[in-house]
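There are 4 protein chains.
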Amino acid sequence: MTPSISRIGVLTAGGDCPGLNAVIRAVTKTAMFQHNLEVYGIEDGFLGLVENRMRPLSREDVSNILTRGGTILGSSNKCNPQRYAVGEEEDGKPIFEDMTNLCLRHLKRRGIEALIVIGGDGSMSGAANFVRRGVNCIGVPKTIDNDLVGTDVTFGFATARYIATEALDRIHTTAASHHRAMVVEVMGRNAGWIALESGVASGADILLLPEIPFDIDKVCDVVKERSRYGKAFTIIAISEGAKPIGGEQVVHHVDPTSPDPIRLGGVGERVARQIEEKTGIDSRCTVLGHVQRGGTPVPEDRVLATLFGYHALELLANGAQNRLVVMQGRTIADTEITRAENKQRTIAPDHLLIAAARAVGTSFGD
Amino acid sequence: MTPSISRIGVLTAGGDCPGLNAVIRAVTKTAMFQHNLEVYGIEDGFLGLVENRMRPLSREDVSNILTRGGTILGSSNKCNPQRYAVGEEEDGKPIFEDMTNLCLRHLKRRGIEALIVIGGDGSMSGAANFVRRGVNCIGVPKTIDNDLVGTDVTFGFATARYIATEALDRIHTTAASHHRAMVVEVMGRNAGWIALESGVASGADILLLPEIPFDIDKVCDVVKERSRYGKAFTIIAISEGAKPIGGEQVVHHVDPTSPDPIRLGGVGERVARQIEEKTGIDSRCTVLGHVQRGGTPVPEDRVLATLFGYHALELLANGAQNRLVVMQGRTIADTEITRAENKQRTIAPDHLLIAAARAVGTSFGD
Amino acid sequence: MTPSISRIGVLTAGGDCPGLNAVIRAVTKTAMFQHNLEVYGIEDGFLGLVENRMRPLSREDVSNILTRGGTILGSSNKCNPQRYAVGEEEDGKPIFEDMTNLCLRHLKRRGIEALIVIGGDGSMSGAANFVRRGVNCIGVPKTIDNDLVGTDVTFGFATARYIATEALDRIHTTAASHHRAMVVEVMGRNAGWIALESGVASGADILLLPEIPFDIDKVCDVVKERSRYGKAFTIIAISEGAKPIGGEQVVHHVDPTSPDPIRLGGVGERVARQIEEKTGIDSRCTVLGHVQRGGTPVPEDRVLATLFGYHALELLANGAQNRLVVMQGRTIADTEITRAENKQRTIAPDHLLIAAARAVGTSFGD
Amino acid sequence: MTPSISRIGVLTAGGDCPGLNAVIRAVTKTAMFQHNLEVYGIEDGFLGLVENRMRPLSREDVSNILTRGGTILGSSNKCNPQRYAVGEEEDGKPIFEDMTNLCLRHLKRRGIEALIVIGGDGSMSGAANFVRRGVNCIGVPKTIDNDLVGTDVTFGFATARYIATEALDRIHTTAASHHRAMVVEVMGRNAGWIALESGVASGADILLLPEIPFDIDKVCDVVKERSRYGKAFTIIAISEGAKPIGGEQVVHHVDPTSPDPIRLGGVGERVARQIEEKTGIDSRCTVLGHVQRGGTPVPEDRVLATLFGYHALELLANGAQNRLVVMQGRTIADTEITRAENKQRTIAPDHLLIAAARAVGTSFGD
């Protein structure tokens, strides 16, 4: 252990993700029991750094949180201390200031000598800012989308996959009873991991991923073909980031011309409508939404989060600087924290699971 | 047992509902084991009656279906034999004909002497048509919405409540970690049963039901009040049929002016947007959709469906005519099948559970 | 509201039961929000009364506990203030004393004017003791066994049924793949409610209940018959209190003659062995045990527990004395608290659900 | 594809394991869609080979089985064609004969040119017998215990871990409310994988594994220590194969001296009793049993099983001989089928997850 470190901070940033509390618990308990380190919990991600909201975490604080969804520390989605909105111009535009120095002073005054940043690619950019200013940061990758560069898997993904699969299993029934095409839109941003794995797990007939632009006519051909074959239903799992060949991603947007503008649907809704129009077969879309990122983590994510939190502390205790905890194969390892900055790991079109899915008869609409 | 009956038909009509297969199984097994009756399964609801698609059900057919969602017989949503589309006018308008006589001939030729109709209020109207033409029909009420007149509870409802509660539990986490208002729109048509019970079960902060028109400003007051009190999150469970005081129900509709018209959101989406605009607090809506009506039924629904199927057969075997199986309190009973025709059982505003919810601090936005 | 009451106590006694925290929450919130009453939580059931361990419950204390299993107040299984072990005789026999007066003094000194006792039939006897000494007690019935006299249903039961059904569903698979008889022993003491409802819900082939003594030869006949019919597996759901005709209940006991005495199995284990011996068909027993009484309650139990807690407070606030909250049909009501004292509600052999189960081919081994 | 192969057989042998049907489906669909191979399903494992029970699998046969537990082909636990009981000696001892030649004739007559054997280490020995007789066998490793040599993970394990974790989560509640030590005995034979991962996932206080013999006094010290610290409950996850230092494994055995011999408990029961005796703290044991190996597989197992089935077919189609499909890190690979013969992969005492568990305060009783 580096003798100089006696107090560290931990924060959770970005969107919600099952397993955050499991990391906080593993970090705090390992610090306390193994290394006699004090852990400060920083509230609401980087926002708590700016606003100086942090508190020491006790054994009681991290008791009984392993199975709980969310984060006991709170999070904030968009806080970037380098570009922090401090007010508005006369014309309503926000005025931004760099609050990094303020954050550094808060840390110094508290005696916090290193940070554990639990977050996604955006948060790792936030961490990189502090790394450049001399704060030792250990990153713990977190995203349900499983799209972080450098790690084979992130916690939260298994839970999202579980929930998406359960929903697809349920929807299967409705489609089969009513001779329908059912489109289920799942999360994943620009990566199709959730759609691919939950689609394979539930035996979806068509998988539409951001990595494989689809041809709506080929999608409709599959729907019609199944209907001819006697199975008058089709299950389509679609990533929120999927897009047609040559087309744009459908962004969830607001119709400005409507007197009472309410949000329009996304790509799943659009595909369902196109299928209905082109095949005449009744089609419905379900957008899973935030249920995918909340609630108690599945065991796999709890184990992974515990390993990540433990390893983060071990790195710190062994004097490591600015590392990102990762999983490579079945082994825990670490890489440069800056490596994950604003990059995404998408699925290679020849990925083994895509080949297996094609082999069992799944269409990718291409 | 009425000696003349030796063969009956069973059909499932209307939307999907967990427990349909459990009824089919109970009907078929009771007929076979207790009354030596033959059961014909009619495919795709009333459509199979018109198209003469029906088959004898064997012990094997109903083996292992108790826990399965959907219906092994298939269903059809909108088929009304009295108004059956047989073609189109030159101007594209459908031409309707009354196919009741055709259905009667199909039944007669097969020797089917009575029908068990598993369906909602619409399907009971369909049954009433055959009742008026002399076919003995026993109705089994089916709807996840729990809104059928004459029965205190319908199977399918407990499963929908379970799924909605589970989703609300998961969403709770996300809201709490991110200081958000989370709106969860559940099914129920014009009745608030699913929203009320899942809302109470999950401890939702605001419940918006069709039976209690809401004042969006009061909704926003609760959101702001909670934020002031230190709980910067609010969970709102809303029925798809909820509406503002003096306002109209928001129908899921398509914007015709958009070049690429995709379906617009419903009342949940609108409420989320209004909260965000009026309070400045980040708000999100999740529409649960079809996951609520598919998949394996919870035990309560399997038991209820088994009782309903059993009682339907007992009624038939005892010579009853045109009854609807119902649950009154904890007792199974029956009523006139025509009683359920196109009526709905909504929640009285002074319902015990509403009083209890108010007592523990839940707002109804009124 | 009776003006004189301003402070009440609440305790949970007896075995664990999903929904206890939901009652505590409803009691506390209704007291606080509706009646301006202060609520003291008494720790570890009647033991906390004797040992003067109680604390005021705040809004924070009951926040986020609705979905949590167990009880935030703790419980104690066997504490009876009238017969409280205060030491041991020289020969090791315990010395009992009546601590009722001590408890009364503790309550008086705290200004607690009424008690809400959440418990089973044993705990209602404990409450009756205080009732006789002039303390107003409102009872809330609690047991997973569903066997309390006066109420049609108790919270906790639906969760136990859910867990037992889920286990039976899983076990079904194993039996079917391996041509086995699988015996699953569930809780319920002298009442067969859990076995009956989970058995019907999962389609168990044989149900053995305390209320219907079984003939092991008839049980074996069913197993052999199914094997002849081509289904070489049988699922048997058995209550822990089931017993053979003319036989005794098998008590889980310790063999005193064994050098390393470990607990012997119960009735489920015995039935499995007898089937194997008499039919030659491989048989296994699984004893579900404590998983049935822990963990998050299913929505039905949360709703019921909320209603019970709310009604208990309403009774108190309206000046009622010594009532037991009950559910009659679908209506909440109340009865004399002494009515539930040490009695049990078992299943009538001609119960509707038994008739329905027989009709679909289930054997009761009789 | 090797041109000579046009028909293959598939069988499932050994204990039940979630994911078997997913493999059968992937094998059959890949064979059909990709390689124009015919697949014969052999019933009840090696027994069907001896008894010549096998049937061609159609697309319909493998439809809708992906999510189903068990195996549509049936299995048999102990059938070894090399040592097949054909009758009994006069003294009741079984007479064994080698039926391998018979099996070979059955295969030859059917034109089955290769076998896919889905099984554990015992079944791979069975396959090796056929390999030595010139039958090309591709092995697919299957065990919930995760103890097969050569692969980092087996399907079925994730489901067992899920069920064990869910049970531990539920039991946690009961223990916490009642100040008890709760022992939960899980499966795993001589390997502690299920106990280790479910124990870490649920935050069990003590983990007792076959790989780390325990000292019952140290176990009791932890129980007492927790009690002193104010947490009067302890959760102990124990493998069925765990054993005390210097002691023997406790085998589930029958007491021969009892007039009505019923099975005695195993190591979990013994540990619970010892804790109660040595600490005076109320202790209970729950033996999870067969629920761990049945029911629908979790998504992870469905994906893994699909990959395994797909890869097995790819190997066959590419002319590979006698390979075992394995997972190394996150990559699918294959090894000699004989490598897995009767060996087990246990946990190294310095395994990362053991280190992490110790770091967060878990005791291994050593």
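Residue numbers (the numbering used here), protein chains in the order written: chain X, 156 to 521; chain A, 156 to 521; chain H, 156 to 521; chain C, 156 to 521. Note that beta-carbon positions come from the ideal geometry of N, C-alpha and C, so glycine has one too.
For this session: Please classify C:Met-342: does DSSP put it in a helix, a strand, or coil?
Result: For this step, residue 342 of chain C is matched to residue 187 along the fourth sequence. Correct three-state label for C:Met-342: coil.
Exercise. Between the region 481–496 of chain C and the region 353–373 of chain H, do at least 3 Cβ pairs fall closer than 8 Å?
Worked result: Fewer than three Cβ pairs drawn from the region 481–496 of chain C and the region 353–373 of chain H lie within less than 8 Å of each other, which leaves the two stretches out of contact.
For this session: For the beta strand (DSSP E) containing H:Ala-269, list its first residue and its last residue.
Result: On the third sequence, position 114 is the one that residue 269 of chain H refers to. Counting along the chain, the beta strand (DSSP E) containing H:Ala-269 begins and ends at 269–274.
Problem set entry | Cross-chain neighbours of C:Phe-188 in chain X, by beta carbon under 8 Å | Walking along the fourth sequence from the start, residue 188 of chain C turns up at place 33. Ordered by position in chain X, the residues that pass the 8 Å Cβ test against C:Phe-188 are Ala-514, Val-515, Gly-516.
Exercise. Are the C-beta of X:Val-182 and some C-beta of chain A separated by less than 8 Å?
Worked result: Sequence index remark: in the first sequence, residue 182 of chain X carries index 27 (1-based). X:Val-182 does not count as touching chain A.
Exercise. How do the region 366–382 of chain H and the region 308–321 of chain H stand: do at least 3 beta-carbon pairs fall below 8 Å, yes or no?
Worked result: no
Exercise. In chain order, what residues of the same chain have a beta carbon less than 6 Å from the beta carbon of C:His-334, not counting five sequence neighbours either side?
Worked result: Along the fourth sequence, read from residue 1 onward, the residue named residue 334 of chain C stands at position 179. Once the five neighbours on either side are set aside, the close Cβ partners of C:His-334 are Ala-387, Phe-388.
Exercise. Should X:Arg-428 be labelled buried (16 or more other beta-carbon atoms within 10 Å of its own) or exposed?
Worked result: By 1-based counting over the first sequence, the position of residue 428 of chain X is 273. By the 10 Å Cβ count, X:Arg-428 comes out buried.
Problem set entry | H:Gly-385 versus H:His-327: straight-line alpha-carbon distance, rounded | Here residue 385 of chain H refers to the residue found at position 230 of the third sequence. Here residue 327 of chain H refers to the residue found at position 172 of the third sequence. Inter-residue distance for H:Gly-385 and H:His-327 is about 16 Å (C-alpha atoms, whole angstroms).
For this session: Pull out every residue of the region 438–472 of chain A whose Cβ sits closer than 9 Å to any Cβ of chain X, in chain order.
Result: Cβ contacts with chain X: Arg-439, Cys-440, Thr-441, Val-442, Leu-443, Gly-444, His-445, Val-446, Gln-447, Arg-448, Gly-449, Gly-450, Thr-451.
Problem set entry | DSSP state of H:Gly-401 mapped onto helix, strand, coil | Taking the first residue of the third sequence as 1, we reach residue 401 of chain H at position 246. If DSSP states are grouped into helix, strand and coil, H:Gly-401 belongs with coil.
For this session: Quick one: give me the first and last residue of the alpha helix (DSSP H) that A:Val-422 is part of.
Result: Mapped onto the second sequence, residue 422 of chain A falls at position 267. Segment 422–434, the alpha helix (DSSP H) holding A:Val-422.
For this session: Determine whether the Cβ of A:Thr-222 lies closer than 8 Å to any Cβ atom of chain H.
Result: Sequence index remark: in the second sequence, residue 222 of chain A carries index 67 (1-based). So yes, A:Thr-222 belongs to the interface.
For this session: State yes or no: is the C-beta of X:Gly-311 within less than 8 Å of the C-beta of X:Pro-173?
Result: Here residue 311 of chain X is taken as the residue at index 156 of the first sequence, counted from 1. Here residue 173 of chain X is taken as the residue at index 18 of the first sequence, counted from 1. In contact: X:Gly-311 and X:Pro-173 (Cβ atoms closer than 8 Å).
Exercise. Any chance the region 431–445 of chain A sits against the region 285–296 of chain A, with 3 or more Cβ pairs inside 8 Å?
Worked result: no
Exercise. Name the chain C residues that come within less than 8 Å of X:Arg-316, Cβ to Cβ?
Worked result: Position 161 of the first sequence holds residue 316 of chain X. Those within 8 Å of X:Arg-316 in chain C are Pro-454, Glu-455.
Problem set entry | Within-8 Å CB hit, A:Arg-210 to chain E | The structure shown has no chain E; the protein chains it does contain are X, A, H and C.
Exercise. Curious, which full-length beta strand (DSSP E) runs of at least 3 residues does the region 473–501 of chain A contain?
Worked result: 478–483, 486–491
Exercise. Applying a beta-carbon distance threshold of less than 8 Å, which residues of chain C neighbour X:Ser-353?
Worked result: Translated into positions along the first sequence, residue 353 of chain X becomes position 198. Close to X:Ser-353, with beta-carbon spacing below 8 Å, are these residues of chain C in chain order: Pro-454.
Exercise. Counting only beta-carbon atoms, is X:Ala-475 nearer than 8 Å to chain C?
Worked result: Stepping through the first sequence from its first residue, residue 475 of chain X is reached at position 320. No, because no Cβ of chain C sits closer than 8 Å to the Cβ of X:Ala-475.
Problem set entry | Boundaries (first-last residue) of the beta strand (DSSP E) holding H:Gly-203 | Position 48 of the third sequence, counting from 1, holds the residue named residue 203 of chain H. Here H:Gly-203 belongs to no beta strand (DSSP E); instead the alpha helix (DSSP H) covers 201–205.
Problem set entry | Where A:Asp-521 meets chain H, residues with beta-carbon distance less than 7 Å | Indexing the second sequence from 1 puts residue 521 of chain A at position 366. Within chain H, no residue has its beta carbon less than 7 Å from that of A:Asp-521; the closest one is some 17 Å off.
Exercise. Where does A:Lys-386 fall in DSSP's three states?
Worked result: Residue numbering aside, residue 386 of chain A sits at position 231 when the second sequence is read from its first letter. Note: A:Lys-386 maps to coil in three-state DSSP.
Problem set entry | Start-to-end residues for the beta strand (DSSP E) that takes in H:Glu-252 | Your numbering for residue 252 of chain H matches position 97 in the third sequence. It spans 249–252 - the beta strand (DSSP E) in which H:Glu-252 sits, taken as one unbroken run.
Problem set entry | A:Val-559, buried or exposed, once every other Cβ within 10 Å from all chains shown has been counted against 16 | Residue 559 of chain A lies beyond the range of chain A shown here (156 to 521); nothing can be said about it.
Problem set entry | First through last residue of the beta strand (DSSP E) which encompasses X:Arg-513 | Stepping through the first sequence from its first residue, residue 513 of chain X is reached at position 358. For X:Arg-513, no beta strand (DSSP E) encloses it; the enclosing alpha helix (DSSP H) starts and ends at 507–514.
Exercise. By how many angstroms is the C-alpha of A:Leu-166 removed from the C-alpha of A:Leu-212?
Worked result: Position 57 of the second sequence, counted from the start, is the residue given in the question as residue 212 of chain A. Position 11 of the second sequence, counted from the start, is the residue given in the question as residue 166 of chain A. Near 12 Å, if we compare the C-alpha coordinates of A:Leu-166 and A:Leu-212.
For this session: Report the neighbours of C:Asp-324 on chain X: residues whose CB is nearer than 7 Å to its CB, in chain order.
Result: Here residue 324 of chain C is taken as the residue at index 169 of the fourth sequence, counted from 1. Per Cβ cutoff of 7 Å: Thr-222.
Exercise. Is it right to say A:Glu-98 is buried, meaning 16 or more other beta carbons lie within 10 angstroms of its own, or is it exposed?
Worked result: The requested residue 98 of chain A does not occur in the structure, where chain A is confined to residues 156 to 521.
Exercise. Residues of chain A with a CB under 7 Å from the CB of X:Thr-329: which are they?
Worked result: Taking the first sequence and counting its residues from 1, one reaches residue 329 of chain X at position 174. Within chain A, the residues near X:Thr-329 are Asp-171, Gly-225, His-445, Arg-448, Gly-449.
For this session: Grab me the residues of H:Ala-356's own chain with a C-beta within less than 6 Å of its C-beta, minus the 5 sequence neighbours each way, in chain order.
Result: Within the third sequence, residue 356 of chain H is the residue found at index 201, counting from 1. Within the same chain, H:Ala-356 has close Cβ partners Thr-320.
Exercise. Which whole-angstrom value describes the C-beta separation of H:Gly-169 and H:Ser-332, a residue pair presumed to lie in contact below a C-beta threshold of 8 Å?
Worked result: Within the third sequence, the letter at position 14 stands for residue 169 of chain H. Within the third sequence, the letter at position 177 stands for residue 332 of chain H. With 8 Å as the limit, H:Gly-169 and H:Ser-332 do not qualify as a contact, their Cβ atoms being about 40 Å apart.
Problem set entry | Three-state class that DSSP yields for H:Ser-394 in the structure shown | Along the third sequence, read from residue 1 onward, the residue named residue 394 of chain H stands at position 239. Of the three classes helix, strand and coil, the one that applies to H:Ser-394 here is strand, per DSSP.
Problem set entry | Straight-line gap, H:Val-515 to H:Arg-383 (C-alpha atoms, nearest Å) | Along the third sequence, read from residue 1 onward, the residue named residue 515 of chain H stands at position 360. Along the third sequence, read from residue 1 onward, the residue named residue 383 of chain H stands at position 228. Straight-line Cα distance between these residues: approximately 19 Å.
For this session: Compare the beta carbon distance of A:Val-194 and A:Val-178 with 8 Å and say whether it is the shorter of the two.
Result: In the second sequence, the residue the question calls residue 194 of chain A occupies position 39. In the second sequence, the residue the question calls residue 178 of chain A occupies position 23. Not closer than 8 Å, so no.
Exercise. So does the region 251–260 of chain X actually touch the region 196–212 of chain X, counting three or more Cβ pairs closer than 8 Å?
Worked result: The region 251–260 of chain X and the region 196–212 of chain X touch, with no fewer than 3 CB-CB distances between them shorter than 8 Å.
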